Amino acid sequence: MSTLIEKIASDEVIDKAYQWLCQKREHYHPNADVWQVRRWWHDKKPLIQGQIRSGHYQFRELRLIRGEEESFEWWSSMDALVLKAITIVLTEHLKPVLSPRCFHLAGHGGLKGAVREVAENLSENTFVFRTDVKSYYASINHSILMEIVGKYVCDEAVLCLLWGYLRRFVSDGGDYIDITEGISLGCPLSPLIGALFLKPLDDRMALLGCFYVRYMDDWVILAPTRWKLRKAIKATNQVMNELKVIKHPDKTFIGRIARGFDFLGYCFSPAGLGIARKTVERMVENVARLYEHCAPSERIEAYFQRWWRWVKGGFSAQLQSFIQDIVSLLVREFSFPDHYMCLSTTCHWSLSNLVQ
Numbered sequence: 004m005s006t007l008i009e010k011i012a013s014d015e016v017i018d019k020a021y022q023w024l025c026q027k028r029e030h031y032h033p034n035a036d037v038w039q040v041r042r043w044w045h046d047k048k049p050l051i052q053g054q055i056r057s058g059h060y061q062f063r064e065l066r067l068i069r070g071e072e073e074s075f076e077w078w079s080s081m082d083a084l085v086l087k088a089i090t091i092v093l094t095e096h097l098k099p100v101l102s103p104r105c106f107h108l109a110g111h112g113g114l115k116g117a118v119r120e121v122a123e124n125l126s127e128n129t130f131v132f133r134t135d136v137k138s139y140y141a142s143i144n145h146s147i148l149m150e151i152v153g154k155y156v157c158d159e160a161v162l163c164l165l166w167g168y169l170r171r172f173v174s175d176g177g178d179y180i181d182i183t184e185g186i187s188l189g190c191p192l193s194p195l196i197g198a199l200f201l202k203p204l205d206d207r208m209a210l211l212g213c214f215y216v217r218y219m220d221d222w223v224i225l226a227p228t229r230w231k232l233r234k235a236i237k238a239t240n241q242v243m244n245e246l247k248v249i250k251h252p253d254k255t256f257i258g259r260i261a262r263g264f265d266f267l268g269y270c271f272s273p274a275g276l277g278i279a280r281k282t283v284e285r286m287v288e289n290v291a292r293l294y295e296h297c298a299p300s301e302r303i304e305a306y307f308q309r310w311w312r313w314v315k316g317g318f319s320a321q322l323q324s325f326i327q328d329i330v331s332l333l334v335r336e337f338s339f340p341d342h343y344m345c346l347s348t349t350c351h352w353s354l355s356n357l358v359q
C-alpha cells in the first residue's frame, strides 16, 4: 500500500495539481512565475517529485498582497502546486473522519445545502445559537492543530510538509515576518485544515444529538428546549476554550427562532427563508461603486445577474418567490433605482421587477 507521501508525489496527483494551477493562474501577468513553471514543466516535474519523496521540499517565502478590504498571502506557483497535491490526497484520506455536518467541504452540500438544512428544521425547534470564530484563520494555534492532525496522519514526511505550510515567513515590502499562529488565506489547503481544526466541536455536537450545521467557522445550533440549548452552548464554550479561539461578539445570536436570525447571507424566521439585509446592502454598495467608477453598463449588469442567480439558486420555486419578495422590500428601501439608470434594458427590467 502506498504511503501518503508517495501518493502526493505520484504522477496522477501531481498532474491533477498542475492542471489546477494552469486553470487558476491562466490570467496572471506575463511576468508571473506560473509561465516559467509551464514552460519547463517536463523538467521540473521529476525534480519536484523527487524532492517530495525524499523529504527535501521546502516552501519559499510568501508575498503579502494588500487589497482594499483584506490582505492575503501569495504562494509561488510551485508551492501552490505542492499544496494542491497535499490537499487532493488529504481530502480523500480524511474524508471518513470529517463530519458530514461540515457543509463547506466538497460533496457535503455547500453553502446552499447548509441554508436549506437550517430552513427545513426551523419548525421542529424553538431556540437558536448562531455564532462564528473571531479571525478564524489568523487565530488557529499551530500546536493544537498539529496535535489534531497527528491523530489521523502518521506519515512523518507529510507532517513535515504541513509544518512548513504553517510555520511560513512572509515578505511585506522588504520586511520578513515569521508566522507563528494562523493559517494562510487563499491557500488550497486551508479550507480542509479549517474543517479539521473544529472537528472536536463537530464530535461534541454529535454526542449531544442536537441539530447542528457548520460552514467553515460559521455554525448554527437549533434546540426544542432552553435546557438543550444551554447544554449545547456550554459544550461549545468548553471546546472553544480548549482550542484557544473566541466567538465573534458581533456575529453571535442566542434566543428564540421567532425573533429571526442571519446565517450565510440569508435570514431565517417562522415566516420562512429570506435574504439578509447585509447581503442586499453589500450588493447596493458594489453596484454604486461600479457606477461611480464609470464601469460599463454591461459589467454592472453582469454583476447584478450573477448576484441574483446566487441569491435564488439552489432553492425550490416557493422559496425563490419568498426570497424575491424580501429582496423587493429591501431594494425599495435602499432607493436602488438611482444607481441603475445606466444599465441595459434587460437588467433594468430585472431590477424593475424587484422594486415594483
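Residues 4 to 359 (the numbering used here) make up the sequence shown, in order.
The beta carbon of each residue, even a glycine, is placed where N, CA and C say it ideally should be.
Values in this document were obtained by computation on a predicted structure and should not be read as measured data.
Cβ pair residue i, residue j closer than 7 Å
i: Asp-178; j: Phe-172; result: no
i: Ser-236; j: Phe-132; result: For the record, residue 236 in the displayed sequence is Ile; it is not Ser. Yes.
i: Cys-213; j: Ala-226; result: yes
i: Ile-278; j: Val-314; result: yes
i: Val-283; j: Val-136; result: no
i: Leu-276; j: Ala-122; result: yes
i: Leu-210; j: Ile-147; result: no
i: Gly-258; j: Ser-272; result: no
i: Gly-58; j: Ala-160; result: yes
Sequence-distant residues of its chain with Cβ nearer than 8 Å to residue i (five each side left out)
i: Leu-24; result: Val-37, Val-40, Ser-80, Ala-83, Leu-84, Lys-87
i: Leu-346; result: Confidence is the limiting factor: at Leu-346 the pLDDT is only 47, short of 50, which leaves the residue's position unreliable and the question unanswerable from this model.
i: Leu-195; result: Thr-90, Leu-93, Thr-94, Leu-97, Leu-108
Given residue i as reference, the closest of the options once Cα atoms are compared
i: Lys-10; options: Trp-311, Ala-198, Gly-53; result: Gly-53
i: Pro-103; options: Gly-258, Val-283, Lys-250, Val-216; result: Val-216
i: Tyr-60; options: Ile-89, Leu-67, Leu-114; result: Ile-89
i: Ser-174; options: Glu-76, Leu-199, Tyr-294; result: Glu-76
i: Thr-6; options: Ala-35, Gln-26, His-32, Val-92; result: Val-92
i: Phe-200; options: Ile-151, Leu-276, Gly-189; result: Ile-151
i: Thr-134; options: Trp-311, Leu-211, Lys-250; result: Lys-250
i: His-45; options: Tyr-21, Glu-29, Arg-63, Phe-62; result: Tyr-21
i: Phe-318; options: Cys-105, Gly-112, Ile-51, Gly-70; result: Gly-112
i: Ile-8; options: Glu-15, Arg-56, Asp-14, His-32; result: Arg-56
i: Gly-189; options: Cys-163, Lys-27, Pro-273; result: Lys-27
i: Phe-62; options: Leu-50, Leu-195, Arg-170; result: Arg-170
i: Lys-254; options: Leu-101, Lys-281, Trp-166; result: Lys-281
i: Glu-73; options: Val-161, Ser-138, Gly-167, Pro-252; result: Ser-138
i: Lys-202; options: Pro-252, Met-149, Ala-12; result: Met-149
Contacting residues, own chain, Cβ-Cβ under 7 Å from residue i (five flanking each side not counted)
i: Ser-193; result: Tyr-140, Ile-186, Ser-187
i: Leu-204; result: Thr-239, Val-242
i: Arg-229; result: Phe-130
i: Glu-288; result: none
Neighbour-count burial assignment, residue i, 16 or more Cβ in a 10 Å radius
i: Lys-231; result: buried
i: Trp-43; result: exposed
i: Leu-125; result: buried
i: His-107; result: buried
i: Ile-68; result: exposed
i: Asn-128; result: buried
i: Val-100; result: exposed
i: Cys-105; result: buried
i: Arg-312; result: exposed
i: His-32; result: exposed
i: Leu-50; result: exposed
Close beta carbons around residue i, own chain, < 6 Å, minus the five adjacent residues each side
i: Thr-348; result: In this prediction, Thr-348 has a pLDDT of 46, which is less than 50 and means its spatial position is unreliable; what the coordinates show is noted afterwards. There are no such residues.
i: Met-208; result: Tyr-215
i: Trp-310; result: Met-286
i: Arg-66; result: Trp-77, Ser-174
So, does the segment 208-226 touch the segment 263-282, judging by three or more C-beta pairs under 8 Å? Verdict: yes, contact present.
Decide if the segment 90-104 is in contact with the segment 146-162; the criterion is three or more beta carbon pairs, one per stretch, under 8 Å apart. Note that the segment 90-104 touches the segment 146-162; at least 3 beta-carbon pairs, one per stretch, sit closer than 8 Å.
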